[in-house]
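Just so you know, the protein sequences line up as chains R and Y, in that order. Every letter in the first sequence is one number past the one before it in our numbering, and letter 139, counting from 1, is 139. Every letter in the second sequence is one number past the one before it in our numbering, and letter 216, counting from 1, is 454. Virtual Cβ for every residue (Gly too), placed ideally from N, Cα, C.
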Amino acid sequence: MIITNNLTKKYGEQTALDHLELEVKQGEIYCLLGANGAGKTTTINLLLGFIEPTSGSAFINQLNVQENPKETKRFLAYIPENLMLYPSLSAVENLDYFSGIAGKKLSDADLKGFLAEAGLQTDAFGMRISTFSKGMRQKVGIAIALAKDAKVLLLDEPTSGLDPKASNEFGLLLQKLRTKGVATLMATHDLFRAKEVGTHIGIMKDGSLRQQLVAEDISLSELEQAYLNTMEYKELVL
Amino acid sequence: MLSYNCKYELKLLLRSRWIQLLSIMLLLLFGFSIYNGLEKVEKRKRDITAAKEEVKENDAVMLKLLDSVEGGMEVSASPWTIPTSPMAVGNYHPRVAAMEPQSMAFIATGQADLFTHYVKPRVSGDDSALNFAEMTSPVQLLFGSFDLAFVIVYLLPLLIIAFSYDVLSAERESGSLRLLAAQPIRIQSWVLQKLGLRFFWLSILVIGSLTIIFFAVGLNPFTEMTGFLGLLGLIITYMLFWFALAFLINLWVGTSAKNAVALLGLWVVFVLLAPSMLNQLGNTLYPMPSRTLMINQMRDLKAEVTKKQDEILDNFLRDHPEYAINDTTQYRGFYHRYMASQKLVKEELAPVVDKFEGQLQKQQDWIGRFKWVSPAIIVQESLNQMAGTSTRDYENFRKQVVGFASDWRQHFMPFLYNNQDFSQKDYPNLPKFQFEQRSSASFGVIPVLLLIAIALFGLGFTVSRSSKKGNILTAN
């Protein structure tokens, strides 16, 4: 579903992403860990076609992102760190708008169904987004992905700023999408959530993917150690 | 995408109170400016009516005097004002040469606050002595007139700027642009649709507000259908030009603040700088000869001619033997000499007057050639033409008055040189002035403005397509 081949992005002399080789298959949740500036968001921006690679290529659902920017977006959904919807529209209206411009005409019942599936409380459907918490907005984001019938989900630090309960709910939603066969790539700083929801974990540093791990093969403390080792924070462990 | 943009753009505009605010502002601006325009037109009509009434009253007095004189009675009037003298009629009982306002005169003051709308050419006056300038308050000239043309040319672009400067940047700044850009749409097309919808709603509001105001002030737009539709066409294409600029700025510039500054800068250039620079350049390239110098030359010439009036009269009568033959008295007084010399003065002054008018024409031609640099100029000019208050309309009026003044003078010449008294039976034959309006304004500027707007939209698309992908998502 998601493949990158030697994907590289340079800004002048600075390398933001260095020959990234990555594959996320159907029903997998791949969590990208790394410090700020490690290249996680650059990877997502390249997969979204927001920026062009210096070299290499990225594929979504077997389509080259750079060659088919519009087509690839039909298969993917994206939830940024701060999902900004239209504050003066309700949850149903926002969902209707974003799925509508993506080419999905849905009935009112369908829209409400997707919002319910995303875990939003029924009494919030008609409320304006300006009254929503971040967790509620993220649920609308998931509903957009569900409504769009996305095959690929790109998440850029979606749980940052969420309280543990909301973060846990969000994790459960990702698991639900996984069972539907969605391939998810999530950039995060949250090791615990990565271990909880991820099937695969990659640790990035200075634009390159330093380690790739299978989530079920390691414990949280092993993941933490691997992360700190990669970040060369050994002295802090003591 | 279009149907969803249509549906939700209106909802967003209504919920942000933009539609309500714009409706109120347009109603107020259009209402006040049209009321102002109508007041000016009413004053103009009242002035003309008063002048005509004064002529009627004077004529009644004149006819009474003539009746008394013809009845052999004594009249208590100064001898030179008794209307049996053709010169007394020609000088003290002039006709009113009035420029009646056109039906759409209220939309643009144009040159109406600079030029007078009626003159009374006298038989002893010369063409250059006809005063067409209006005594106007300098304060009013400084600030201009708050008419519909002012609202359309100056204020409407500012409303459009406020309505459109941040269509893309607001999405970028709020963070929703990344979510939009992740959908299978082209952001350029999305911006175009958003601006297109705002243009559509603003057009509806403009048409609605104007129609309401027209009816409210007692004007029926359907009786002046061509003019009204032309006016709407002009406003809408002018609006489209400003929306096209907003499209370019939204795609090219960046933050909302920068967009606003860029659009306001363009407003200053197109609405304020371009017209005044064009005017200044016209004055520099084709400077007007001194009017004082011309008047001095005129006075010198008249003084010189006065010395030779006997000789001039002899030559004049030689050229017009019909006057010498028909008159048995052969009396030749002041007016005989004066009127004969007037012709010579006019001929001698022709080069000076021609130079003055020639330079004025060159200035106007210059502005006419380069008016296309700013849509504000062509729209203002078109509105003036629709209102019948353009420079050309007043020039047309001036020429007609000069022609009528000549007719008025010529009408009394046979009376004067044949020493024939003016009588009651001659009264109905006095020349009358009938103003002929220029053909109404052409709407040729509408397709031109449309083409300019389309070209700007095309330019926006072409350049944004060739620019780097990330530019739209990241503010410059």
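Can you pull the chain Y neighbours of residue i, defined as C-beta to C-beta under 7 angstroms?
i: residue 102 of chain R; result: 421 and 422
i: residue 88 of chain R; result: 250, 253 and 254
Count the other C-beta atoms from every protein chain shown that fall within 10 angstroms of the C-beta of residue i, then say buried if there are 16 or more, exposed otherwise.
i: residue 610 of chain Y; result: exposed
i: residue 123 of chain R; result: exposed
i: residue 356 of chain Y; result: buried
i: residue 544 of chain Y; result: exposed
i: residue 278 of chain Y; result: buried
i: residue 280 of chain Y; result: exposed
i: residue 556 of chain Y; result: exposed
i: residue 105 of chain R; result: exposed
i: residue 686 of chain Y; result: exposed
i: residue 595 of chain Y; result: exposed
i: residue 41 of chain R; result: buried
i: residue 632 of chain Y; result: buried
i: residue 284 of chain Y; result: exposed
i: residue 30 of chain R; result: buried
i: residue 579 of chain Y; result: buried
i: residue 607 of chain Y; result: exposed
i: residue 203 of chain R; result: buried
i: residue 340 of chain Y; result: buried
i: residue 311 of chain Y; result: exposed
i: residue 569 of chain Y; result: exposed
i: residue 655 of chain Y; result: buried
i: residue 700 of chain Y; result: exposed
Smallest Cα separation from residue i: which of the options?
i: residue 247 of chain Y; options: Y:343, Y:330 and Y:401; result: Y:401
i: residue 119 of chain R; options: R:40, R:2, R:173 and R:28; result: R:173
i: residue 641 of chain Y; options: Y:350, Y:447, Y:590 and Y:673; result: Y:673
i: residue 690 of chain Y; options: Y:483, Y:361 and Y:494; result: Y:483
i: residue 156 of chain R; options: R:36, R:12, R:143 and R:5; result: R:36
i: residue 254 of chain Y; options: R:80, R:95, R:130 and R:41; result: R:130
i: residue 550 of chain Y; options: Y:537, Y:575, Y:571 and Y:532; result: Y:575
i: residue 648 of chain Y; options: Y:360, Y:339 and Y:336; result: Y:360
i: residue 319 of chain Y; options: Y:421, Y:631 and Y:296; result: Y:296
i: residue 223 of chain R; options: R:44, R:193 and R:79; result: R:193
i: residue 644 of chain Y; options: Y:634, Y:630, Y:669 and Y:326; result: Y:669
i: residue 517 of chain Y; options: Y:554, Y:478 and Y:602; result: Y:602
i: residue 13 of chain R; options: R:140, R:221, R:207 and R:135; result: R:207
i: residue 521 of chain Y; options: Y:351, Y:577, Y:529 and Y:604; result: Y:604
i: residue 18 of chain R; options: R:43, R:81 and R:32; result: R:43
i: residue 167 of chain R; options: R:134, R:145, R:153 and R:98; result: R:134
i: residue 210 of chain R; options: R:218, R:197, R:231 and R:216; result: R:231
i: residue 617 of chain Y; options: Y:559, Y:468 and Y:536; result: Y:468
i: residue 198 of chain R; options: R:175, R:73 and R:180; result: R:175
Check the Cβ of residue i against every Cβ in chain R and list those closer than 9 angstroms, keeping chain order.
i: residue 342 of chain Y; result: In chain order: nothing, as chain R lies at least about 41 angstroms away.
So with CB distances below 8 angstroms, who are the chain Y contacts of residue i?
i: residue 80 of chain R; result: 413, 416 and 417
i: residue 70 of chain R; result: 422, 423 and 424
i: residue 67 of chain R; result: Going along chain Y, no residue has its Cβ under 8 angstroms from residue 67 of chain R, so there is no contact; the nearest lies around 13 angstroms.
i: residue 93 of chain R; result: 246 and 249
Interface residues of chain R around residue i at Cβ under 7 angstroms?
i: residue 239 of chain Y; result: 101
i: residue 632 of chain Y; result: Going along chain R, no residue has its Cβ under 7 angstroms from residue 632 of chain Y, so there is no contact; the nearest lies around 52 angstroms.
i: residue 242 of chain Y; result: 97, 100 and 101
i: residue 392 of chain Y; result: The contacting residues do not exist; residue 392 of chain Y stays about 31 angstroms from chain R at best.
Counting only Cβ pairs nearer than 9 angstroms, list the residues of chain Y close to residue i.
i: residue 84 of chain R; result: 409, 412, 413, 414, 415, 416 and 417
i: residue 73 of chain R; result: 419, 420, 421, 422 and 423
i: residue 160 of chain R; result: Within 9 angstroms Cβ-Cβ: nothing; residue 160 of chain R doesn't reach chain Y, min ~14 angstroms.
* Asked: Are there three or more Cβ pairs, one per stretch, closer than 8 angstroms when the segment 315-331 of chain Y is compared with the segment 256-263 of chain Y?
  -> The segment 315-331 of chain Y vs the segment 256-263 of chain Y: no contact.
* Asked: In the segment 248-265 of chain Y, which residues sit with their C-beta less than 8 angstroms from some C-beta in chain R, listed in chain order?
  -> Residues passing the 8 angstroms Cβ filter: 249, 250, 253 and 254.
* Are at least three pairs of beta-carbons, each pair with one atom in the segment 172-186 of chain R and one in the segment 16-26 of chain R, less than 8 angstroms apart? -> yes
* If you measure beta-carbon to beta-carbon, which residues of the segment 37-62 of chain R are closer than 9 angstroms to chain Y? -> 45, 48, 49, 50, 51 and 52
* To do: Decide yes or no for the touch test of the segment 578-597 of chain Y against the segment 297-312 of chain Y: beta carbon pairs closer than 8 angstroms, at least 3 of them.
  => Not touching, per the Cβ criterion.
* Pull out every residue of the segment 111-123 of chain R whose Cβ sits closer than 7 angstroms to any Cβ of chain Y, in chain order. => none
* Does the segment 458-473 of chain Y come close enough to the segment 492-509 of chain Y that 3 or more CB-CB pairs lie under 8 angstroms? -> no
* Asked: Would you call the segment 97-112 of chain R and the segment 411-421 of chain Y touching, i.e. three or more CB-CB distances under 8 angstroms?
  -> yes
* Asked: Using 8 angstroms as the Cβ pair cut-off and three pairs as the minimum, do the segment 106-116 of chain R and the segment 430-450 of chain Y touch?
  -> no
* Asked: Using a Cβ cut-off of 7 angstroms, which residues of the segment 152-181 of chain R contact any Cβ in chain Y, in chain order?
  -> none
* To do: Mind the definition here: the segment 48-65 of chain R touches the segment 212-229 of chain R only if three or more C-beta pairs lie below 8 angstroms; say whether that holds.
  => no
* To do: May I ask you to verify whether the segment 620-638 of chain Y touches the segment 286-294 of chain Y, counting CB pairs closer than 8 angstroms and requiring at least 3?
  => no
* Evaluate contact between the segment 4-16 of chain R and the segment 49-57 of chain R, counting only Cβ atoms and requiring at least three cross-stretch pairs below 8 angstroms. => Yes, they touch.
* Are the segment 341-348 of chain Y and the segment 383-394 of chain Y in contact at 8 angstroms, needing three or more beta carbon pairs? -> Output reads yes: the segment 383-394 of chain Y touches the segment 341-348 of chain Y.
* To do: Determine contact between the segment 401-412 of chain Y and the segment 425-440 of chain Y, defined as no fewer than three beta-carbon pairs at a distance below 8 angstroms.
  => The segment 401-412 of chain Y, when compared against the segment 425-440 of chain Y, does touch it at the 8 angstroms Cβ threshold.
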